[in-house]
Each structure stands twice: as structure tokens, then as C-alpha cells.
Amino acid sequence: QEEEFYICLHSERYHDEILFYHEGGVDVGDVDAKAERVQISTGVEPTEALVTEKLLGKVPAAKQANLASFVLSLYKFYKDLHFAYLEINPLVMLEDNTVVPLDM
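Under the working numbering, think of the first position of the sequence shown as 9, with each following residue one higher.
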């Protein structure tokens, strides 16, 4: 599970929220209670620093930059295509730090 992550993006009335949990997969459990969260106000673009600080604190430092870049790209995709909800579990990081969404 240490190479599997959970991510969920969803829209509220005045903000979007990203939930991230450092242990994804079948046994993820109650992510609503366990996940790190960041709220992004309407019209605001998140930064790599914000994503890293608020969501990736329990991810090994060597993996944070690629994972933060993926989260930002995923958020752009989410916004550009007008999603209201997007969940990936598991999100896997390979040995070369490539991020692969396995189940959406």
C-alpha cells in the first residue's frame, strides 16, 4: 500500500475540495475521516507548494514533486472538463516516480 494513494476532487458551492490519503487500494477505509484536505476557492488556482504542504506531508520527499505535479494537472483536467466529482483509488506511483491512475 505504500505505493498506492487515494485522491478525490469534488465541488461545493463556493469551493472545490481535494482529499488525498497516502494509503490507497481496497483497504483504504473511511477516507472522509482520514484524508488530508485542501479547499480551493472559486477562481483560485492551487500551487505546487500548497498541494505539497496541505496534502503530501506523509508521502516520501522524493515522490512529492511528481505527485504534486500530477495533482495540479488532474485539477486542471477536472476544471476544464467541468467535473463535479472525480475519485481515483488506487493512484499508483511506479519506481521511476511515474504516476498511474488505476481505477477511476
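Glycine is no exception: its CB is placed at the ideal position from the N, C-alpha and C atoms.
None of the values given here were measured: they were computed from a predicted structure.
Item checked: Reduced DSSP category for E56 - H, G, I as helix; E, B as strand; rest coil -> Position 48 of the sequence shown holds residue 56. Three-state result, E56: helix.
Checklist line | Residues sharing a beta bridge with Q47, DSSP | finding: Reading the sequence shown from its first residue, position 39 is the one you call residue 47. Its beta-bridge partners are E25.
Item checked: Distance, A92 Cα to L64 Cα -> Translated into positions along the sequence shown, residue 64 becomes position 56. Translated into positions along the sequence shown, residue 92 becomes position 84. Roughly 23 Å separates the two Cα atoms.
Note to self: Alpha carbons only, please: which of P54, C16, L80 is nearest the one belonging to A43?
What the structure shows: Within the sequence shown, residue 43 is the residue found at index 35, counting from 1. Of P54, C16, L80, the residue nearest in Cα terms is C16.
Next item on the list: Would you kindly check if the distance between the Cβ of V34 and the Cβ of Y14 is under 8 Å?
Entry: One-based indexing of the sequence shown puts residue 14 at position 6. One-based indexing of the sequence shown puts residue 34 at position 26. No, they are not a contact pair.
Item checked: DSSP state of V39 mapped onto helix, strand, coil -> The residue given as residue 39 occupies position 31 in the sequence shown. V39: helix per DSSP, three-state reduction.
Check: Just curious, the beta strand (DSSP E) that F13 is in, first and last residue?
Finding: Indexing the sequence shown from 1 puts residue 13 at position 5. Counting along the chain, the beta strand (DSSP E) containing F13 begins and ends at 12 to 19.
Next item on the list: For A76, collect the residues of the same chain with a Cβ closer than 7 Å to its Cβ; drop the 5 residues on either side in sequence, then sort them by chain order.
Entry: By 1-based counting over the sequence shown, the position of residue 76 is 68. So the qualifying residues of the chain are E56, V59, T60, L64.
Notebook entry, point to check: Whose C-beta lies closer than 6 Å to the C-beta of Y29 among residues of the same chain, with five residues either side of it excluded?
Noted result: On the sequence shown, position 21 is the one that residue 29 refers to. Counting only Cβ-Cβ distances below 6 Å, and skipping sequence neighbours, we find Y14, V39, K42, A43.
Next item on the list: May I ask you to report which of helix, strand or coil DSSP gives Q9?
Entry: Taking the first residue of the sequence shown as position 1, residue 9 is located at position 1. For Q9, the pLDDT reaches just 49, beneath the cut-off of 50, and the residue's location in the model is therefore unreliable, although a value from the coordinates is still provided. Reduced to three states, the DSSP call for Q9 is coil.
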